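Chains as they are written, first to last, in the working numbering: chain B, 186 to 522; chain V, 186 to 522. Data first, discussion second: the structure below is written as structure tokens.
Number of protein chains: 2
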Amino acid sequence: MRTAGLFPMLLAVAAMSVPAAAQIKPAALAPGDIIAAAPAAAWVDIPHDDLLVMTLAPGAGGKPRRVVIQLMPAPFSRGWVGNIKALAKAHWFDGTAVVRVQDNYVTQWGDPNGEDKVKAKKLPAGLAQMTEDQYEVVADDKQLAASLGRQAVEDAADRAAAAAAPAGSEEARLRGDIYAPRVLFHAGWPLGADAKGEHAWPLHCYGAVGVGRNLSPDTGTGAELYTVIGHAPRHLDRNIAVVGRVIDGMEHLSSLPRGTGALGVYERAAERVPILSVRLASDLPAPRRPAFQYLDTAGGSFSRYAEARASRRDAFFIRPVGGADICNIPVPIRRRP
Amino acid sequence: MRTAGLFPMLLAVAAMSVPAAAQIKPAALAPGDIIAAAPAAAWVDIPHDDLLVMTLAPGAGGKPRRVVIQLMPAPFSRGWVGNIKALAKAHWFDGTAVVRVQDNYVTQWGDPNGEDKVKAKKLPAGLAQMTEDQYEVVADDKQLAASLGRQAVEDAADRAAAAAAPAGSEEARLRGDIYAPRVLFHAGWPLGADAKGEHAWPLHCYGAVGVGRNLSPDTGTGAELYTVIGHAPRHLDRNIAVVGRVIDGMEHLSSLPRGTGALGVYERAAERVPILSVRLASDLPAPRRPAFQYLDTAGGSFSRYAEARASRRDAFFIRPVGGADICNIPVPIRRRP
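Put into structure tokens, the structure is as follows:
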């Protein structure tokens with residue numbers, strides 16, 4: 186691989202300037218077709234204990250607004266995820282609100298008086314206090330180490346070859362991006378990692394849920410959360426804890442009116458969107474418990490889907506790229522059939 | 186430069202794992218501070234003839250909704266831009282509507298009956314018919330050639346060095362990304378280009394405005410437009426014409442309710458947002474003519490701003506990245522003071 190050097194890139198670049206009709210098969214499967222054709226075994230149930238159900242006050246015309254968040258599995262962001270589960274169990278979020286919506290950035294929710302020492306809602310006892318080194322994890326978890334090991338990068342020349350490899354090739358799985366020496370999918374999540382695969386961290390893609398905090402060394406508790414509603418602000422990776430992603434009802438957060446205060450904060454209390462309740466799905470009565478699955482990111486259906494996202498050959502496209510930003514390959518999620 | 190090889194990347198990666206306090210100056214200027222401090226001469230007036238003013242029906246509580254779009258300057262997308270100006274002059278858009286809002290993708294507007302041969306609104310005579318090769322331009326325009334020339338890439342080894350260079354360095358200006366062998370700013374716009382700088386094309390960043398079309402070889406007229414309201418769908422670059430960007434009132438398009446039909450199409454006519462008028466600013470009476478400026482992308486203020494976006498060293502951040510996705514460096518726009 187080291188000697189393959191940059192030839193694959195030159196070939197890929199050359200291919201892109203060839204008129205489309207000469208190089209592509211018409212009407213290849215679109216990413217959505219590949220998802221629809223994935224067998225039942227390609228789908229993984231999301232544990233009810235990892236699903237957070239947030240009920241907002243009804244919208245226009247009394248329309249219910251329910252948002253479902255998938256919390257990150259081990260070993261990522263453990264302390265914050267534990268705090269959020271404790272806050273949900275204590276019904277702490279009930280009566281808080283969406284307080285900030287900044288266009289092309291984030292929608293944020295929590296205690297509107299959180300910054301006011303007198304009026305702030307008291308946090309339950311026993312929340313973990315996290316340190317900044319926990320924004321990333323050491324890859325000593327066996328499954329994570331296996332994901333990283335399968336994609337090991339031996340040295341800088343390997344990385345250069347990976348950067349140059351066409352999408353779908355073995356080498357391409359090693360490549361990173363501007364924000365991380367390596368990017369990969371593991372257990373249904375997009376991750377960044379260092380070149381040696383010793384540390385890994387979750388990414389701020391669209392819909393990612395992170396933990397609001399004050400200035401360093403504060404790391405936040407999990408009582409103030411936000412989700413990404415614009416272009417992935419990847420510069421936040423490892424600067425703030427990512428704890429999950431919105432998997433249903435995203436439109437109830439992304440289509441809210443933008444706040445007119447600094448950083449998109451709602452200036453008047455009446456603009457805030459009340460949060461009626463936040464519960465773990467496992468604490469809801471069975472009929473109200475949502476059930477979701479993600480497409481196994483280690484399987485063939487996902488590989489084909491990712492390749493199709495990287496090189497759109499369905500009828501609409503005339504120039505397949507041969508690569509994709511990892512945040513442009515959202516992990517498919519569905520309701521359990 | 187060719188021999189510098191990958192050392193800069195290794196240094197950059199090493200620096201990123203050093204605890205933050207040891208490497209950064211606290212409270213360096215944030216990107217916003219740099220914009221605020223830019224001298225008057227760093228700002229460039231946008232010609233009134235390049236500004237499209239779209240007035241939507243008032244929103245909740247009778248709130249006015251005005252969207253301002255900056256059309257691309259020469260030499261990009263000339264035929265489509267000319268068509269859009271002709272359509273505006275003919276008041277053709279008046280009475281059309283926002284017909285589609287797909288979360289994390291696009292808001293689209295035009296004739297709701299555009300696909301219906303009987304009911305479709307008649308287009309004015311004389312619109313240009315564009316070909317697919319015009320999604321990119323040949324860099325024979327002197328200013329564009331100068332921008333590209335200043336950032337010439339001699340061969341693959343240079344590109345590898347560029348990919349590895351730390352942000353802000355001379356080499357870093359040469360680097361491309363997954364979607365384009367080179368990316369650069371020119372005359373206030375983010376562009377992609379081929380390795381030799383012979384062809385360049387506009388990018389689908391957040392807020393970019395593109396031309397809806399049917400299947401290839403159709404290229405659209407400009408009568409159906411969309412804007413990006415989520416993560417940059419860069420796979421659309423050179424597959425669809427980009428003609429401009431929303432520079433004011435983006436929230437009136439990005440915060441609309443998402444459509445529930447396939448691809449986010451509004452299923453009921455009542456959901457559509459009526460477009461009252463679309464005019465070129467140059468055709469409006471002086472008091473209603475908006476005036477905007479962009480920060481000169483060839484100047485020092487923009488360089489400092491871009492570097493600060495790439496390596497956030499203001500108080501909130503603990504790990505500057507040393508690079509940024511070009512769509513994460515939005516060109517600063519302001520009202521003319």
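Using N, Cα and C, we set each Cβ at its ideal position, and we do this for glycine too. Keep in mind the model is a prediction, meaning the values are calculated, not measured.
* To do: Assign ARG263 of chain V to one of three DSSP states: helix, strand, or coil.
  => Numbered from 1 along the second sequence, position 78 holds the residue referred to as residue 263 of chain V. Helix.
* To do: May I ask you to verify whether the region 214–229 of chain V touches the region 453–463 of chain V, counting CB pairs closer than 8 Å and requiring at least 3?
  => no
* Quick one: what does DSSP say ASP279 of chain V is sitting in, helix, strand or coil? -> Stepping through the second sequence from its first residue, residue 279 of chain V is reached at position 94. Reduced to three states, the DSSP call for ASP279 of chain V is coil.
* To do: Identify whether HIS416 of chain B lies in helix, strand or coil by the three-state DSSP scheme.
  => Numbered from its first residue, the first sequence carries residue 416 of chain B at position 231. Note: HIS416 of chain B maps to coil in three-state DSSP.
* To do: Check whether the Cβ of ILE514 of chain V lies closer than 7 Å to any Cβ atom in chain B.
  => Numbered from its first residue, the second sequence carries residue 514 of chain V at position 329. No, its Cβ sits nowhere closer than 7 Å to a Cβ of chain B.
* Between LYS306 of chain B and ASP296 of chain B, which are expected to be in contact by the criterion C-beta below 8 Å, what is the C-beta distance as a whole number of angstroms? -> If you number the first sequence from 1, residue 306 of chain B lands on position 121. If you number the first sequence from 1, residue 296 of chain B lands on position 111. Contact flag correct, Cβ pair sits at about 5 Å.
* Anyone know if the C-beta pair for GLY267 of chain B and ALA313 of chain B falls short of 7 Å? -> Along the first sequence, one-based indexing puts residue 267 of chain B at 82. Along the first sequence, one-based indexing puts residue 313 of chain B at 128. Closer than 7 Å, so yes.
* Contacts of PRO442 of chain B in chain V (Cβ-Cβ under 9 Å) -> Numbered from its first residue, the first sequence carries residue 442 of chain B at position 257. Per Cβ cutoff of 9 Å: GLY244, ALA245, GLU436 and SER440.
* Answer with yes or no whether the minimum CB distance from PHE477 of chain B to chain V is below 7 Å. => As a first step, residue 477 of chain B is located in the first sequence; it is residue number 292 there, counting from the start. Closer than 7 Å: no.
* So what does DSSP say about PHE487 of chain B, is it helix, strand or coil? -> Numbered from its first residue, the first sequence carries residue 487 of chain B at position 302. Looking at PHE487 of chain B - three-state DSSP - the assignment turns out to be helix.
* **For PRO387 of chain V, three-class secondary structure by DSSP** => As a first step, residue 387 of chain V must be located in the second sequence, where it is residue number 202. Here PRO387 of chain V sits in strand by DSSP.
* **Beta-carbon gap between SER440 of chain B and PRO442 of chain V smaller than 7 Å** => Numbered from 1 along the first sequence, position 255 holds the residue referred to as residue 440 of chain B. Numbered from 1 along the second sequence, position 257 holds the residue referred to as residue 442 of chain V. Contact flag set, yes.
* Interface positions of the region 488–511 of chain B facing chain V (Cβ-Cβ less than 7 Å), listed along the chain -> ARG497, ALA500, PHE501, PHE502, ILE503, ARG504, VAL506, GLY508, ALA509 and ASP510
* Asked: Along the region 456–475 of chain B, what residues have a CB closer than 7 Å to any CB found in chain V?
  -> none
* Whose C-beta lies closer than 6 Å to the C-beta of THR240 of chain V among residues of the same chain, with five residues either side of it excluded? -> Here residue 240 of chain V refers to the residue found at position 55 of the second sequence. ARG251, LEU461 and SER462.
* Delimiting residues of the alpha helix (DSSP H) encompassing GLY217 of chain B -> On the first sequence, residue 217 of chain B is found 32 positions in, with the first residue counted as 1. Looking at the DSSP string, the run of the alpha helix (DSSP H) that includes GLY217 of chain B is 216–222.
* With burial defined as no fewer than 16 other Cβ atoms inside 10 Å of the residue's Cβ, what is the status of ASN399 of chain B: buried or exposed? -> One-based indexing of the first sequence puts residue 399 of chain B at position 214. With fewer than 16 other Cβ atoms within 10 Å, it is exposed.
* **Proximity winner among B:PRO505, B:ARG521 and B:ILE363, relative to ALA215 of chain B (alpha-carbon distances)** => Residue 215 of chain B sits at position 30 when you count from the first residue of the first sequence. When each option's Cα is compared against that of ALA215 of chain B, the closest is B:PRO505.
* What are the boundary residues of the beta strand (DSSP E) that HIS371 of chain B is part of? -> Numbered from its first residue, the first sequence carries residue 371 of chain B at position 186. Element bounds for HIS371 of chain B: 367–371.
* To do: Tell me whether HIS276 of chain B is buried or exposed, calling it buried when 16 or more other Cβ atoms sit within 10 Å of its Cβ.
  => Against the first sequence, residue 276 of chain B aligns to sequence position 91. By the neighbour-count rule (16 or more Cβ atoms within 10 Å), HIS276 of chain B is not buried but exposed.
* **LEU196 of chain B versus PRO375 of chain V - alpha carbon distance** => Residue 196 of chain B sits at position 11 when you count from the first residue of the first sequence. Residue 375 of chain V sits at position 190 when you count from the first residue of the second sequence. Only weak support is given to the placement of LEU196 of chain B: the predicted model assigns it a pLDDT of 25, under 50, and the value that follows is read from those uncertain coordinates. About 25 Å.
* For GLN478 of chain B: DSSP bridge partner residues -> Locating residue 478 of chain B in the first sequence gives position 293, where the first residue counts as 1. Answer is B:ASP230 and B:ARG519, bridged to GLN478 of chain B.
* For LEU400 of chain V, which of helix, strand or coil comes out of DSSP? -> On the second sequence, residue 400 of chain V is found 215 positions in, with the first residue counted as 1. Coil, per DSSP.
* Can you name the residues of chain A whose CB is closer than 8 Å to the CB of ILE363 of chain V? -> Note that chain A does not occur in the displayed structure, where the protein chains are B and V.
* Just the chain B side, please: which residues come within less than 9 Å of ARG419 of chain V by C-beta, in chain order? => In the second sequence, residue 419 of chain V corresponds to position 234, counting from 1. Simply VAL506, ALA509, ASP510 and ASN513.
* CB contact below 7 Å: GLY382 of chain B versus chain V -> In the first sequence, residue 382 of chain B corresponds to position 197, counting from 1. Not one chain V Cβ lies under 7 Å of GLY382 of chain B.
* Once you ignore the five residues that flank VAL284 of chain V on each side, which residues in its own chain have a CB closer than 7 Å to its CB? -> Position 99 of the second sequence, counting from 1, holds the residue named residue 284 of chain V. Excluding residues within five positions, the ones whose Cβ falls inside 7 Å are GLN293, TRP294, GLY295, PRO297, VAL450, TYR451 and ARG457.
* To do: Rounded to whole angstroms, what's the CA-CA distance from ALA380 of chain B to ALA500 of chain V? Just pull it up for me.
  => Indexing the first sequence from 1 puts residue 380 of chain B at position 195. Indexing the second sequence from 1 puts residue 500 of chain V at position 315. C-alpha separation (whole angstroms): 27 Å.
* Report the residues of the region 280–310 of chain V with a CB closer than 7 Å to any CB of chain B, ordered along the chain. => ASP288 and ASN289
* **C-beta neighbour in chain V for GLY415 of chain B, strict 7 Å** => On the first sequence, position 230 is the one that residue 415 of chain B refers to. True, the Cβ-Cβ gap to chain V drops below 7 Å.
* Examine chain B for any beta-carbon lying closer than 7 Å to the beta-carbon of ASN424 of chain V, and answer yes or no. => Taking the first residue of the second sequence as 1, we reach residue 424 of chain V at position 239. So, interface residue.
* Counted within 10 angstroms of its Cβ, other Cβ atoms place VAL323 of chain B as buried (16 or more) or exposed -> Reading the first sequence from its first residue, position 138 is the one you call residue 323 of chain B. VAL323 of chain B should be labelled exposed.
* **Burial state of ARG430 of chain V, where buried means 16 or more other Cβ atoms lie within 10 Å** => Within the second sequence, the letter at position 245 stands for residue 430 of chain V. So ARG430 of chain V ends up on the buried side.
* In angstroms, rounded to a whole number, what distance separates the CA positions of SER488 of chain B and GLY508 of chain B? -> Numbered from its first residue, the first sequence carries residue 488 of chain B at position 303. Numbered from its first residue, the first sequence carries residue 508 of chain B at position 323. The alpha-carbon atoms of SER488 of chain B and GLY508 of chain B are separated by roughly 13 Å.
* Asked: What residues of chain V sit near LEU400 of chain B, judged by a beta carbon separation below 8 Å?
  -> What you label residue 400 of chain B is simply residue 215 of the first sequence in a count that begins at 1. Near LEU400 of chain B (Cβ distances below 8 Å), the residues of chain V are ALA500 and PHE501.
* **Inter-residue Cα distance where the pair is TYR493 of chain V and GLY397 of chain B** => Looking up residue 493 of chain V in the second sequence gives position 308. Looking up residue 397 of chain B in the first sequence gives position 212. The question names Tyr, yet the displayed sequence has Ala at residue 493 of chain V. Between ALA493 of chain V and GLY397 of chain B, the C-alpha separation is close to 22 Å.
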